[in-house]
Every structure is written in C-alpha cells, then in structure tokens.
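Chains L and Y supply the protein sequences, listed in that same order. Take the first sequence: its letters are residues 291 to 696, numbered as in the working numbering. Take the second sequence: its letters are residues 502 to 991, numbered as in the working numbering. We treat Cβ as the ideally placed atom computed from N, Cα and C, and that holds for glycine. Bear in mind the structure is a predicted one, so any value in this text is a computation, not a measurement. Structure first, then comments.
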Amino acid sequence: MIYNDKLGEVMDLNALIKIIEKIGKVEIENITITADELIINIPSAPPIVIPQTPSIKEKLADEGIIEIKDVPELDWEPPIEKYKNSIREVQFGKPKSEGGRGVVVKIGGQRALYRFEEPQPNPPVVTFDIFDIPMPGLPKPIRQFFQDVMEDPCEWARKCVKEFGADMITIHHISTDPKIKDKSPKEAAKLMEDLLQAVDVPFVIGGSGNPQKDPLVLEACAEVTEGDRCLLASANLELDYKKIVDAAMKYDHNVLAWSIMDPNMARDLNRKLIEAGLDPNRIVMDPTTCALGYGIEFSINAMTRLRLNGLKGDKLVNMPMSSGTTNANGAREAWMNNPEWGPREYRLPLWEITTGITMMMCGVDLFMMLNPIAVRTLKEIGKTLTTKPGEVKLNTNNYDWIVAKA
Amino acid sequence: MPKKISAMDIYKLLPKANCKKCGYPSCMAFAAKLLEKEATLDQCPILDTPKFKKNKEKILELISPPVKEVWFGNDERKAVMGGDEVMYRYQLSFFNPTPIGIDISDELSEEEIKNRAKEIENFVFERTGEKLKLDFIVIRNASGNAEKFKKAIEIVEKETKMPICIASLNPEVIKEALKVVKSKPMVYAATKETLNDFIKVIKELKKEKDVVLVLSSNNVKDLKNMAAKCLANGIEDLVLEPHTYPENIAETLDLNVMIRRSAIEREDKYLGFPILNLPINAYYYALKNDCPISGFFEDKEVVAKMFEATIAATLLNRYADALIMHGMDIWELMPVLTLRQCIYTDPRKPQAVEPGLYPIGNPDENSPVILTTNFSLTFYTVTGDFEKDNVTCWLLVMDTGGKAVDVSVAGGQYCGENAKKLIEETGIAEKVNHRIIILPALAASTRGDIEDKTGWTCVIGTRDSSQVGEFLRKNWDRILKEWKEKNKIN
C-alpha cells in the first residue's frame, strides 16, 4: 500500500504507475519490506582515491631535483689468507761451481695461492718436448717449426732453447719401445750424453710408455746424467717404481709422480715413493692433464685440491705440479682439417694455450709443451703472476674500447 | 667460510600451514626444495601477505647466493650472471655459465649494424650434443653522439631478440639511450666520478628496477662504496668491473679474486655481485702493441684475436661472470666456448647417456656390431665420428656408470657380465645374422671375458673412433665372410 502525502490518500499500484509515466520518477519514504530472504548485491566500486599532498620527493622530482641518499664510508681490507704450509721447492740442474752445466731452474716454493698474499718466488717453467725419432703424425702447423731438425735430437734441443725459449727439454726415448725400435737402455743413455753436450738447460727424461722397459731406460739415463738433477718421468703404480726411486737417490735426480686425476691416488703414490726411500723434496706431481674439452675439468679439480691441501698442511701433497699440456694437441678441434672450424693453424696453438693457461690458473709449475706459440704465451703470462702488485706500470686505458674504430 | 643453512632454518620462517598451494605436500618439503634451488619463494602465496613479509625477506637472505644472480634482457632471452656459492668448483658446482657479449660500434652503417647483430645472434658451435652460443650484444657509443647511439640501439632491438648492454661513460648520453631501450639493459658504466650522475639519471627515469648498472673501478674499496650507495638509492642489480689490463693480466686476476673472496668467504654483501671483464681490451691492445703472439702470424687481426681468446680463457678461470669480446671468428670462439662448457659442468652429475642399442646409418642384418661405453664424451665422440665417416653399424652402448673405455676396463665395468646383460636387453641377436662384436682397441684385454660370457666372437678394432670407418671398409666384409664360413652359415 502506498500513501500519497501530497494528496493525503492511499494509492493503488495503477495510480502510482500513471504518476511515474507522467513525471518519470517518484520518491518513496518510510519503506517497510517484509521478506523471507533478502539477497543484496553490492556492485564493486572503483577504489576510493583520497587526494593527498604529493610527497616531497615527487615534488622535487617534478622540479628536476632528485634526492640522492648518501652513505657513510665503508672500510675494506684485502682478504689475505694465512696458510699453514708452503709448497716444496724443487731444483733442476746445478751451477758450474757444483759440477753442473750451469743453468739452474727452480719450481714451487709458494707460501700462498696469490701474489697479493705473498710474492710468488718462481715463475711457471716450460719444458719442450723432443723425441729420439722424428715423430710421425705431428700435425703440419707444429711440425713446420722443427721439420728441419727432427732427425737429430741434439739439433732439435738446440733449436728449442735458442729459438723457442725452452727453460728445459723433455727427451722422450720413444725408440726404446719394443713395438717401435726396441733400442736398448744403453743406446738411450748414449743419446743422453750427447744431449748434455748440446745444451746447458736441465732435462726431463721420458721413456716410451712401456712399463717393463721404462724403469731400465730411466735407470741407464740417470746414471750418465749423474749430479745433473734431471726429472725422471715417470714413476707410477703401473711399473717398478722402486727402481726409479733408487736411481733418483743414487744419481741425484728428481722424480715425476704420475697419477690419474684423483688427488687421493696422487697422495697414495707419493706415500709409496717416500716409503720406498725417495726424498719428498725430489717429487713433482703430475695428476694428468686432459685436453680442453676432453675432461679438463677433472684435471682442474685434481690440481686445485692438491694445491689447496698442500698449502693447508698436508705434507704428502705439497709438491710442485707438472702438466702434460702437449695432450691438448690430441683434441680433434685442435688438429682436424675442417673448413667449418676455420684454419687449424689458429686452432692448434689456441688449444694448447687454453689448456695450459687453465692448468696455470690451478697452480701448475711445470709445463710440458710442443707448440712454440703456446710456449711463448704461457711463459709471458706466467711471468706476470710473479710480479708484485704495482710493480709493472699499467698504461692502458680501460675504456678505449668504447670509442675504438670498428 | 660460507654459511651452512638447513631446511629447518627455512621451515622456521614458513607459514607452516601445510596448505599445499606451493605444489609440495608440506612446508618442510617446500623448505627442502628451496634449499636445493628446485623451488622458488613465489610459489607460496601466504608469504606475500603482510604478516609474513619480513619472514619472506629473511628466507630470501638465507637462500640467496653470496654472489647475487643478476639478469638483463627481455621475455624471450635473458643473460643471467652470478649465483655462485663457492670459490672452487669441486666444492659444489659453478652456476650460470659466463655470458659472452660482442660489441657493435654505433659508427657502423645501419646495414652493418643489422648484419653484425644478426651474426652474433645466429652464431653457434656445436659439441657433445650441445649448442654453444653467444649471449648478448654490446652497443658502444663510439660516435659520442646520442642520436647515433639511439639509432644503433633501435636497430639491434628491432632485428634481434638478444639482451643488450649499452656502453657510454657519459650519463647524459645514457639518459637519452634509456628512453628508447625496450628491454632491461646492462648499462656500462658508472665510475667513482660519475656515479652520482648515473644514479640521478636512473632515478629520474624511474628505472631503478629496470636496469643492471655496471660499476667500474680498479679500487675494490671504491667499488664497495659505490655499490653501497646504489643499494641505498634503490638500484640493486649491479655488476662490478675491476679493469682489464692486457699488459699485466695478473692485476685483473688479483682484483677478481679479492672481490670474490670478499663476497663468499668474508660475506661482504656490498661486493656480492657478478664480475665483468673485458678481453676486448686485449684485442685492441694487440693491434698496436707487442703481445706473446706477435711475430708468429703476419695478419695483425689474427694476432689480436688470438691474444683476446687467451685473455678470455685466463679470466674464465678466475671468476669472470660476464665477458665483452670483439672477435667473432669460429676458430677464436671455439676454445673459449669449450672452456666455458667444461668449467660450468656440474661435477655432481655423472656425465652419462642412456645405455642401449643405437642404429647408426641404416644398419641391416649384415652390419657390424660395435661395443662402447655410456660416458657422454665417449658417446658423442664416437657417434660424431661415425656420422662424419658414413659408418653404418649397430652401436651397443654399455652402462659403465658414465666411465670412459680405459677407465671402465680398469675398473671392471667394461666386462662380460655387463655385455651379456646388454645383449639380452637390446635383443641385438634378432637384428643381425652374425655373432661378431667389434671392441675398441683400449678394451682388448676384456676380449676373453666377453667371449666367454656372451658366446659372441670379439674382434679388436681401432684405437680411435675416427679410424673405424676405414677399418670397416678394409676389413668388415672379410671378417663377416670368414665368420660365416667358420660357423657354416650362408
């Protein structure tokens, strides 16, 4: 029922509708709604925006004044670590005053990992691979460097020292392999005598890889090079290492301890060599270098762990390390002729360089190498590691590249 | 020493409602997955409520790596740097393989810019089943002119999907450039002198969350204070660039180590940012100065690129989280990309492929059967060689726990028992009408054992898989014929 207060009467719906049609709207007061159930839908309204005074920051921004927060100056100390132990120093060659040929090479001796912690006493050393027979199968871009001297190991050695900057020479007595020429230990020793006359750098003496023959070859060579402090390569668990240990102690040489990518194996080998009578200061470790792309990360782990453990106090692994960087040349990316990969003249040295630099960054001290380009590169970068911070004047502008001609 | 946190530490800060909205059965399970980096905090909606805001921040701090993970790019491609937890890869693994960026000068013609940009985007070197690519483009303001700079940036963003770095030391030029950049760029770079100006520019444009700012200084204390100032002003995506000295790379190596050690071992959060190095400096240095490679090649460009690759490799071994280079030749990038792939391989994962039978070429019942291991490197090398040399055979890949031939022969996994199992599981006997297995020469010592256990005849093949093609061409027909005669089969 609707009460029309203007007319003072009660209206029915039809009358109400007539008013609405005429006027368009009607105002109803005092509504009483009786219902069993009421459903109320409240349409969502846009969020209410309360106008605020713009914050000072934005006001400043509008005016072009950005407030930059300042901070109190913070201190910083170079993170220098103190290590329990140092790496043993190993010497090759003897000065003339002691009956040697004059050139002395030392590796190891580090008391810390980095030059900003403690000066690094000895730069990385390169020993150049030569063979007692002209090595077949060497890729041409390398062979071209010593094609002219490969028939004569003495000439080969001379060229490496004179032209390629070899600190030491590694002579591989490949021809003693029964499957190759089966030369006798005596013949190998004769070659050693000739080589001693040819150059005055220290030697690494390598066999052929035959486990039965090698100890005999190394023993014979050790005898004729007595007192010269060569590196006998190598003692490992596959052969009669006692023979090599005896030769080293009797004739005053060092021993390369070769294990395969496992720091525990390296440690175990060292222990056995020492038990067999070897002076631990005559050991150089070779945990095996895999070529870039063919397991180099395993070598990285092995070298890193050995160097860290040595510095932290393990006296069974604090020896200098060696790397068979030449292994890099076995990678197909290095030697294969493949036009899709660009000239192999560039790939070959880069593969040996990259492998070697990676090993150097893990703390390796002695590098067995074959490519003169890689040798010079590793030696020069290696030298920078032994400079003192600030010693070399830095004169390049770090930002020249931004404006350089394309 | 880096802090060690447990799932319990995280669980204590979670809502503990066990509502499963994160997709895991319980809050404890979620905590464990967060720790393993297999879940992200955003998966829990309750952590977004005001009540848990502080807890969320605390958890973030607990699980954030000491070297912040910083990305730039767009929805389609991101260059991600940092995220590392340890100093040495053997301790855990390294994360986010170092993105490599190549420069484009804004002085090149529009056509040259477009071509170089596309070349960078399309570059690929494939090895061991993985496509190795480049990661970002650096547009450098060689002209000094803001308009040219903007144009170059626009071309690169139009023609490619690559993440970009815009390089200029002038904050005014950067300001103009940022107005046209569509993606989230890396901005190179603010120095101690220009830092205030760079911060101002970024704040004016309200891009604090939309850029990665490179801080460049050869003084670590300065870098630290620059980072602190940026953080205080809301710029949190930072990269540290300590100067790259090609004339004595040991300086840069030291700076990298000091920054990294401060972040990880001294927990200095102001130095906990990715490191950017510049092998490109070595390239330009070698064009004008002597370097170790000078004299070996006539072409100075070649020398410069080889030196650049050498410096890049050195820095990759010492905490470089991003690199800017110039050379793009395949021979220069192959060693750098391969090294990156090796360093960032997760040492915890065995590198193995599925063992089983792999037909190579279109083998039939007369084709040879060759037995190798499931070490990924072995597998990809062998199959790569076979495909190149058109070898047709049945390749049996034995489960040696991901060990190579010589290692698994020594370790006993390459043996008769395993070979027998493999033959049974693959049903190879039904595929061929002979019973001959060719073994790699390195496995010659296992011949007797394999013949005994399997009943098949073993023939010793070659030392290297690249020699197999020729070996088969010369010998297979004869071997098959002799075997059939011996076993009286037609």
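Note: Y/TRP572 is bridge-paired with Y/VAL581 in the DSSP secondary-structure output.
Sequence-distant Cβ neighbours of Y/SER877 in its own chain, meaning closer than 8 angstroms and more than five residues away, are THR629, GLY630, GLN852, ALA853, VAL854, GLY903.
The residue among Y/GLU866, Y/LEU840, Y/CYS528 with its C-alpha nearest the C-alpha of L/THR644 is Y/LEU840. Within a 10 Å sphere around the beta-carbon of L/GLN410 sit 16 or more other beta-carbons, which makes this residue buried.
Each residue's CA atom was taken as its position, placing Y/ILE614 and L/TYR373 some 52 angstroms apart. Excluding the 5 residues flanking it on each side, Y/LYS801 has same chain C-beta neighbours closer than 8 angstroms at ALA787, LEU788, in chain order. Residue L/SER524 holds the alpha-carbon nearest to the alpha-carbon of L/GLY499 among L/SER524, L/ASN661, L/GLU388, L/ASN688.
For Y/ASP830, the chain L residues whose Cβ falls inside 7 angstroms of its Cβ are GLY632, in order along the chain.
Taking 9 angstroms as the cut-off, the Cβ atoms of L/GLU642 and L/ALA618 count as close.
With its beta carbon at least 9 angstroms from every one in chain L, Y/ALA930 lies outside the interface. The beta carbon of L/GLY497 lies closer than 7 angstroms to those of HIS463, THR466, LYS503, ASP504, VAL507, LEU508 in the same chain, with the five residues before and after it left out. At a cut-off of 9 angstroms between beta-carbon atoms, L/PRO409 makes no contact with chain Y. Check the Cα spacing between L/ALA581 and each of L/THR322, L/GLN487, L/MET659, L/LYS312: the tightest is with L/MET659. Around the CB of Y/VAL625, fewer than 16 other CB atoms lie within 10 Å, so the residue is classed as exposed. Taking a contact as a CB-CB distance under 8 angstroms, the pair L/PRO492 and L/VAL574 does not count as one, their CB atoms being some 12 angstroms apart. Taking 8 angstroms as the Cβ-Cβ cut-off, the segment 837-862 of chain Y approaches chain L at VAL837, THR839, LEU840, GLN842, CYS843, ILE844, THR846, PRO848, given in chain order.
Boundaries of the alpha helix (DSSP H) around Y/VAL804: 801-817.
According to the DSSP assignment, L/GLY600 belongs to the alpha helix (DSSP H) that extends over 586-602. CA-to-CA, the gap between Y/PHE650 and Y/GLU608 works out to about 8 angstroms.
In this structure Y/ILE929 touches Y/LEU858 by the C-beta definition: roughly 6 angstroms separates them, less than 8 angstroms.
Cβ-Cβ separation between L/ALA488 and L/ALA512: approximately 19 angstroms, too far for a contact (criterion under 8 angstroms). With fewer than 16 other CB atoms across the displayed protein chains lying within 10 angstroms of its CB, Y/ALA942 is exposed. Contact annotation: L/SER376 and L/ASN688 have beta-carbon atoms that are not nearer than 9 angstroms. Y/ARG617 carries a helical assignment under DSSP once its states are collapsed to helix, strand and coil. Take the alpha-carbon of L/VAL451 and the one of L/MET458: they are about 8 angstroms apart.
In the DSSP assignment, L/VAL574 falls outside any alpha helix (DSSP H) and within the unbroken beta strand (DSSP E) covering 573-576. Within chain Y, the C-beta atoms nearer than 7 angstroms to that of L/LYS359 come from ALA733, ASN734, in chain order. Under the 9 angstroms criterion on CB atoms, L/ASN554 is classed as non-interfacial with respect to chain Y. A straight line joining the alpha-carbon of Y/HIS827 with that of Y/ASN867 spans about 52 angstroms. For L/THR324, the three-state secondary structure derived from DSSP is coil. If you draw a straight line from the Cα of Y/LYS701 to the Cα of Y/ALA733, it is about 13 angstroms long.
The segment 315-328 of chain L makes no contact with the segment 667-676 of chain Y; the number of CB pairs closer than 8 angstroms stays below 3. By the criterion of a C-beta distance shorter than 8 angstroms, L/ASP604 is surrounded in its chain by ASN375, ARG557, once the five residues flanking it on both sides are discounted. Under DSSP, the beta-bridge partners assigned to Y/ASP604 are Y/VAL639.
L/ASP569 is positioned such that its CB atom lies no closer than 9 angstroms to that of L/SER549. With a contact defined as Cβ atoms closer than 8 angstroms, Y/ILE750 and L/ILE671 qualify at about 6 angstroms.
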